[in-house]
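Residue numbers (the UniProt record's numbering): 1 to 154.
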């Protein structure tokens, strides 16, 4: 019986170590992705933004929100246009990818919902990110085409 109790205690200790490590890796990853997101957000928008867990005490079942600060008060992402929200989601994807960059990315008309100003900002951002990865972008947008190193017309 003592052997079983000892083995159970050993297994429980191992489970606790794994859970602790899982939590640490999760928060390290979230912190890294958040830093990338903050940098990308400031490249496109005024103010600041960050990623926030809805339930920090239970991160594995929690949702993830974007906290935006424009001026003194936090602003909901609902106040942004559809194109701006699409741009924020693209920045979230890029922030995640910056943690472990790929050799290339393929985007199909990612700028179709954007106005000219935001499209130009996005094209400049992709131009800057292209120093680390290759981007293939299908677009009809002039500012995106002008920022491209190589163009293929169809």
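All C-beta atoms in this analysis are idealised placements derived from N, C-alpha and C, irrespective of residue type, glycine included.
- Contact annotation: residue 43 and residue 49 have beta-carbon atoms that are not nearer than 8 Å.
- In the DSSP assignment, residue 4 falls outside any beta strand (DSSP E) and lies within the alpha helix (DSSP H) extending over 2 to 44.
- Around the C-beta of residue 62, fewer than 16 other C-beta atoms lie within 10 Å, and the residue is accordingly described as exposed.
- The alpha-carbon separation between residue 128 and residue 147 amounts to approximately 10 Å.
- DSSP places residue 50 in the strand class (E or B) of the three-state scheme.
- Straight across, the Cα-Cα distance linking residue 33 with residue 75 is about 21 Å.
- For residue 126, the number of other beta carbons within 10 angstroms of its own is at least 16, and it is reported as buried.
- The count of Cβ pairs closer than 8 Å, one atom from the segment 11 to 25 and one from the segment 83 to 92, stays below three, leaving the stretches out of contact.
- Residue environment: residue 95 is assigned as buried (16 or more neighbouring CB atoms within 10 Å of its CB, all protein chains considered).
- Ranked by how close their Cα comes to the Cα of residue 46, the residues 98, 153, 69 have 69 in first place.
- Straight-line measurement puts the Cα of residue 79 at about 26 Å from the Cα of residue 144.
- Note on geometry: alpha-carbon atoms of residue 108 and residue 154 lie some 14 Å from one another.
- Straight-line measurement puts the Cα of residue 13 at about 46 Å from the Cα of residue 135.
- Pairing residue 152 with residue 73, the inter-Cα distance amounts to about 45 Å.
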